[in-house]
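Please read the structure below before turning to the comments.
Chains as they are written, first to last, in our numbering: chain A, 1 to 562; chain B, 563 to 1124.
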């Protein structure tokens, strides 16, 4: 398959999701009072892989990693910022979208993972607007094509320069025989509510739509002549700032570099550890409880900064998941374990609950929500093993509920004098961490009978042993010591023997039960179609549109409608 | 690709969706008072194609065409039937699901179309239960595996024999590396509300689940020992009949054979005509208005029987769509036209509205709903051309709203003295024909501003010309005679030059705007994942699970998780 030989630029051994503004090659982050400006200025020669140039503000995963980092820092480090203006430093082009040569030369797995991350980043913009009050305004000064327009679609307000040239476009279908890959189709009709036949027209013309028609068809919010563009931006910025519910002030938390060491078969962070068993194709992710109680108050939290346990764990877990997703493609399964003192986890959850009205605590809760969502859409089998010494409490218990399967030991293990494992529910299991389809994991789990949810809620704060947990429906199987090793081993072995594709499709369907949101539609419907198309010879074959783009030769299509 | 050489059995030139009970090879339909029994007894040697045997009540498209026919006839021809018992004539097996050798040897397009039709048939069972009061009870007397269990899932009540052997199973993932293809995953968690980790377990074991656990996990409604099975069926049948809202009585309408002639490039029915332009890859579907007013009353309707215009057109259109879908794979586009006197169409719509409480009129309305839904999920570009002489009124105007694009002529054509075309809305555009996601086509169209819907509704009964229609948002483009030919030709030519796969994905996403239902999830999400998997070498490659099934050799998988 194309792209197997893709080489990371600069001799890198893996794709790194950690960065900071001092290292950005493609974005500039400027802050002035309550307004931040994120300027896209992609370095042509700064591609993540060798073999392509990022012309015309086109992007690859590396560009998006910086954007995700900037959006994250704006939330934590800039309490005063209420409006973010997204714009381009290039003349007459906003952003040309995902780089086509990068796509054409990428493996199927990389294309899919690239789209997943860019989707998460765009959802992150919307999440910031909705839950942190940082509103986004996009200034389209030239061409916003494909992923460029999709980026604009994820913001709250689009201003298009009215200069006879600047246009928005989704030219993927006519030009490349693929779909707009980061939510474009869904956001055009579901978010911006463009009429479906207008959307059909718009998505089948290469040149896009400009001027008044772009406003009439709801593709952008307004147009402004170049002479009045800056004044209009200033005006809108002021308006959006005035309407923002951002309540931050004072000092934020600096997202200092993670303490991380990546070995051949392990990744070690402060509280999170990943152990990779390549023969079994399993990555075990262990999370350690804090060793100190939470701070007494918000000042104490600010003093701890990025080492505040819930924030540090969220950041480490997020990085670990991203690393495994893109760098460890043969790992079939993520096995979650935890260890440490339950009491300190309980106390940290209580802190997150007590101070939820504080903007920084809100950010930490929102971040955990996003990390858990990232886990939900990770296409690896998710397993939780609840063993003696574990501390699956509240926030950490969400990992048990996110799992496709969970196993818990009844009683003790022979020769192990630690007490039988228990799990504990907190307020954090009943609201703050909805999945992308809007339900919490326990609501999803107990859809057959909502009284099961009430029954669980009544047990908040209790140490629940395996048999009780099974009876409450909180886990899949409770096993005693006699069965544990065999049953778990057989399950893991069997699961890793199945076709990864079948499992991906099955898990994507079973995890999201019941209602849908725009976000879940993007992940489970648009993504599925795109994955299909990313397999079709008309797009990715030797004579397909992606491969032939720019060659001067027209693609050759099999015209069978499927 | 595998299966290109598949030959239809018995020298057939195309797949025919028309049948009747006298020709059934796989099902027996028995009616006794208010109870019908549909007995599956698949003829091993009655496969639609050569090259496989339909053992153990496994099925192919031919088997499902008979089932769809039976369910349809039960609604129209058996007003008294309130309960349908679905069971098997085979010993110790209910149904083994879709035939694996058939699947393994089918083209990608056939697999996808096969799944689409079987999905529609299963949705049809649910539609009959919900909207016609014919409730379905499944008796699982042995193995109900894969598509066999999925068939049961589409019914209202599943009774499983409790004999230590009878079981329900979805073994596709572990056995075949594909997904249950007819809604199984979605119905297990969304309809039966099986807990997602239980569903995960259930969908990864080959042998399925039997006895008490099947009830506890909500996979079936009840179990009964063989000695009490018949008594239990009788009991439930009586209960369901008593609770049925079926209001039929007297004589139904016999679904007499269609008047149809299929030529090289055309299909002619009584009111529907299909013309195929193979060079342009376009099929034009023309619908002719009735030439007589509707009958005066229900007795008159019954006297007309299957030649009652709305019913005859629905049947002809349904057959045409199905024929084109499966037998004409290179046709890129369906262009809808209509012609005849608007007044008679208006009068027939009024009849359908006035008599909607009558069970037969309800059936005709429900059938139109299903035909229109079938069009919505057809993966061809849908176009409506509104020209002089056309009669896009009410029910027929839904074709304009179902289209991806619609064009209407402003004024007259040079040298054509017919008056300018108009379209007309009726009550039928505002409720009776919801799409699979629950909204009507006009609700979907006007989601940006519901007052547009009210504005359209206020115009019911008026002849609306092209400029008014465009202004009301009822069509995509109004064009005058000077532009018409060129614009339409350029659009058709350009559209048919695009990759069919890209268009399929795009249209599937743009057509279903806003909310989701179980049905729309099955079509646009589960189907998309299945299509993807149906392309993956792990399933369909030479060493994939589908191809190696039954060979004694284990499949070889690429273990990359995507």
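Note that the Cβ used here is the ideal one computed from N, Cα and C, for glycine as well.
> Between which two residues does the beta strand (DSSP E) carrying residue 837 of chain B extend?
Replying inline: Here residue 837 of chain B corresponds to residue number 275 of the second chain, with the count starting at 1. Segment 834 to 839, the beta strand (DSSP E) holding residue 837 of chain B.
> Along the chain, which unbroken stretches of the alpha helix (DSSP H) at least 4 residues long are found entirely within the stretch 865 to 913 of chain B?
Replying inline: 871 to 889
> Are any of the Cβ atoms in chain A nearer than 8 Å to that of residue 952 of chain B?
Replying inline: Looking up residue 952 of chain B in the second chain gives position 390. Residue-level contact by beta carbon fails for residue 952 of chain B and chain A, as no gap is shorter than 8 Å.
> Does the ligand NAP have even one heavy atom less than 7 Å from the beta-carbon of residue 553 of chain A?
Replying inline: Ligands in the displayed structure: none, and consequently the ligand NAP is not present.
> The alpha helix (DSSP H) with residue 764 of chain B in it runs from where to where?
Replying inline: Residue 764 of chain B sits at position 202 when you count from the first residue of the second chain. Run containing residue 764 of chain B: 758 to 764, per the alpha helix (DSSP H) assignment.
> Cβ of residue 134 of chain A less than 8 Å from any chain B Cβ?
Replying inline: Residue 134 of chain A sits at position 134 when you count from the first residue of the first chain. Residue 134 of chain A does not count as touching chain B.
>> Would residue 381 of chain A and residue 333 of chain A qualify as a contact pair, given that the criterion is a beta-carbon distance under 8 Å?
In response: Counting from 1 along the first chain, the entry for residue 381 of chain A is found at position 381. Counting from 1 along the first chain, the entry for residue 333 of chain A is found at position 333. Closer than 8 Å, so yes.
> In chain A, what lies closer than 9 Å to residue 635 of chain B by C-beta?
Replying inline: For the purposes of this step, residue 635 of chain B is identified with residue 73 of the second chain, where counting begins at 1. Result: empty, since nearest Cβ-Cβ is about 30 Å, beyond 9 Å.
>> Tell me the rounded alpha-carbon separation between residue 324 of chain A and residue 331 of chain A.
In response: Taking the first residue of the first chain as position 1, residue 324 of chain A is located at position 324. Taking the first residue of the first chain as position 1, residue 331 of chain A is located at position 331. Their backbone Cα atoms lie some 8 Å apart in a straight line.
>> Which residue marks the beginning of the beta strand (DSSP E) containing residue 921 of chain B, and which one marks its end?
In response: As a working note, residue 921 of chain B is residue 359 in the second chain. Counting along the chain, residue 921 of chain B falls outside any beta strand (DSSP E), though it belongs to the alpha helix (DSSP H) covering 921 to 938.
> Is it right to say residue 563 of chain B is buried, meaning 16 or more other beta carbons lie within 10 angstroms of its own, or is it exposed?
Replying inline: For the purposes of this step, residue 563 of chain B is taken as the residue at position 1 of the second chain. For residue 563 of chain B, the pLDDT reaches just 33, beneath the cut-off of 50, and the residue's location in the model is therefore unreliable, although a value from the coordinates is still provided. That one is exposed.
> Which whole-angstrom value describes the C-beta separation of residue 368 of chain A and residue 306 of chain A, a residue pair presumed to lie in contact below a C-beta threshold of 8 Å?
Replying inline: By 1-based counting over the first chain, the position of residue 368 of chain A is 368. By 1-based counting over the first chain, the position of residue 306 of chain A is 306. That pair is no contact at about 14 Å.
>> If we define contact as Cβ-Cβ less than 8 Å, is residue 484 of chain A a contact residue for chain B?
In response: As a working mapping, residue 484 of chain A is identified with position 484 in the first chain. Taking Cβ atoms only, chain B never reaches closer than 8 Å to residue 484 of chain A, which makes this a no.
> With a cut-off of 8 Å, does the C-beta of residue 564 of chain B fall near any C-beta of chain A?
Replying inline: The count along the second chain starts at 1 and reaches residue 564 of chain B at position 2. At residue 564 of chain B, the pLDDT of 37 sits below 50, so the modelled position is not reliable and the matter cannot be decided from this model.
> Could one say the Cβ of residue 261 of chain A lies closer than 8 Å to chain B's Cβ atoms, at least one of them?
Replying inline: Numbered from its first residue, the first chain carries residue 261 of chain A at position 261. Closer than 8 Å: no.
> Name the DSSP beta bridge partners of residue 292 of chain A, please?
Replying inline: Position 292 of the first chain holds residue 292 of chain A. Residue 292 of chain A is not bridged to any residue.
> Cα-Cα, which of A:73, A:188, A:497, A:58 is closest to residue 519 of chain A?
Replying inline: Locating residue 519 of chain A in the first chain gives position 519, counting from the first residue. The option with the nearest alpha carbon to residue 519 of chain A is A:188.
> For the candidate residues B:859, B:1007, B:1063, B:967, whose alpha-carbon lies nearest to that of residue 1040 of chain B?
Replying inline: Here residue 1040 of chain B refers to the residue found at position 478 when the second chain is read from its first residue. Closest option to residue 1040 of chain B, Cα to Cα, is B:967.
> So residue 177 of chain A and residue 528 of chain A are in contact, right, with Cβ under 8 Å, and what is the actual spacing, rounded?
Replying inline: Here residue 177 of chain A corresponds to residue number 177 of the first chain, with the count starting at 1. Here residue 528 of chain A corresponds to residue number 528 of the first chain, with the count starting at 1. At roughly 17 Å, the Cβ-Cβ gap does not stay under 8 Å, so residue 177 of chain A and residue 528 of chain A are not in contact.
> Between B:852, B:826, B:834, which lies nearest to residue 840 of chain B when the distance is taken from Cα to Cα?
Replying inline: As a first step, residue 840 of chain B is located in the second chain; it is residue number 278 there, counting from the start. Relative to residue 840 of chain B, the option among B:852, B:826, B:834 whose CA is nearest is B:826.
> What are the boundary residues of the alpha helix (DSSP H) that residue 477 of chain A is part of?
Replying inline: For the purposes of this step, residue 477 of chain A is taken as the residue at position 477 of the first chain. Where residue 477 of chain A is concerned, there is no enclosing alpha helix (DSSP H), although the beta strand (DSSP E) it sits in stretches over 477 to 480.
> Whose Cβ in chain B lies nearer than 8 Å to the Cβ of residue 190 of chain A?
Replying inline: Within the first chain, residue 190 of chain A is the residue found at index 190, counting from 1. By Cβ distance, chain B contributes 1075, 1076.
> If we cut at 8 Å on Cβ distances, does residue 1122 of chain B have a partner in chain A?
Replying inline: As a position in the second chain, residue 1122 of chain B is number 560, starting the count at 1. Output row for residue 1122 of chain B: interface = yes.
> Where does residue 999 of chain B fall in DSSP's three states?
Replying inline: One-based indexing of the second chain puts residue 999 of chain B at position 437. Of the three classes helix, strand and coil, the one that applies to residue 999 of chain B here is coil, per DSSP.
>> In this structure, how does DSSP classify residue 1061 of chain B when only helix, strand and coil are distinguished?
In response: Stepping through the second chain from its first residue, residue 1061 of chain B is reached at position 499. Here DSSP, grouped into helix, strand and coil, assigns residue 1061 of chain B to coil.
> Along chain B, in chain order, which residues have C-beta atoms closer than 8 Å to that of residue 203 of chain A?
Replying inline: Within the first chain, numbered from 1, the residue matching residue 203 of chain A stands at position 203. Near residue 203 of chain A (Cβ distances below 8 Å), the residues of chain B are 1068, 1072.
> What is the residue span of the alpha helix (DSSP H) that residue 777 of chain B lies within?
Replying inline: The residue labelled residue 777 of chain B in the question sits at position 215 within the second chain. Taken as a continuous stretch (DSSP letters only), the alpha helix (DSSP H) holding residue 777 of chain B covers 773 to 778.
>> For residue 572 of chain B, count the other beta carbons within 10 Å of its own beta carbon; 16 or more makes it buried, fewer makes it exposed. Which is it?
In response: Reading the second chain from its first residue, position 10 is the one you call residue 572 of chain B. The Cβ neighbour count for residue 572 of chain B, taken over all protein chains shown within 10 Å, is under 16; the residue is labelled exposed.
>> Quick check: what's the CA-CA separation for residue 3 of chain A versus residue 100 of chain A?
In response: Sequence index remark: in the first chain, residue 3 of chain A carries index 3 (1-based). Sequence index remark: in the first chain, residue 100 of chain A carries index 100 (1-based). Because residue 3 of chain A sits at a pLDDT of 42, beneath the cut-off of 50, its placement in the model cannot be relied upon, and the point is left open.
>> Would you say residue 624 of chain B lies against chain A (beta-carbon separation less than 8 Å)?
In response: To locate residue 624 of chain B, count along the second chain from 1; it is residue 62. Cβ-Cβ to chain A under 8 Å: no for residue 624 of chain B.
> How far does the beta strand (DSSP E) with residue 408 of chain A in it reach, from first residue to last?
Replying inline: Against the first chain, residue 408 of chain A aligns to sequence position 408. Here the beta strand (DSSP E) through residue 408 of chain A covers 405 to 410.
> Would you call the CB atoms of residue 635 of chain B and residue 694 of chain B closer than 8 Å?
Replying inline: Residue numbering aside, residue 635 of chain B sits at position 73 when the second chain is read from its first letter. Residue numbering aside, residue 694 of chain B sits at position 132 when the second chain is read from its first letter. Against a cut-off of 8 Å, the Cβ pair of residue 694 of chain B and residue 635 of chain B comes out as no contact.
> Closest Cβ-Cβ distance between residue 744 of chain B and chain A: below 8 Å?
Replying inline: Looking up residue 744 of chain B in the second chain gives position 182. No, residue 744 of chain B lies away from the interface with chain A (no Cβ there is under 8 Å from its Cβ).
>> So with CB distances below 8 Å, who are the chain A contacts of residue 674 of chain B?
In response: Residue 674 of chain B sits at position 112 when you count from the first residue of the second chain. Correct list: 562.
>> Under 8 Å, CB to CB, which of the residues in the stretch 1086 to 1103 of chain B have a partner in chain A?
In response: 1086, 1087, 1088, 1090, 1091, 1092, 1093, 1094, 1095, 1097, 1098, 1100, 1101
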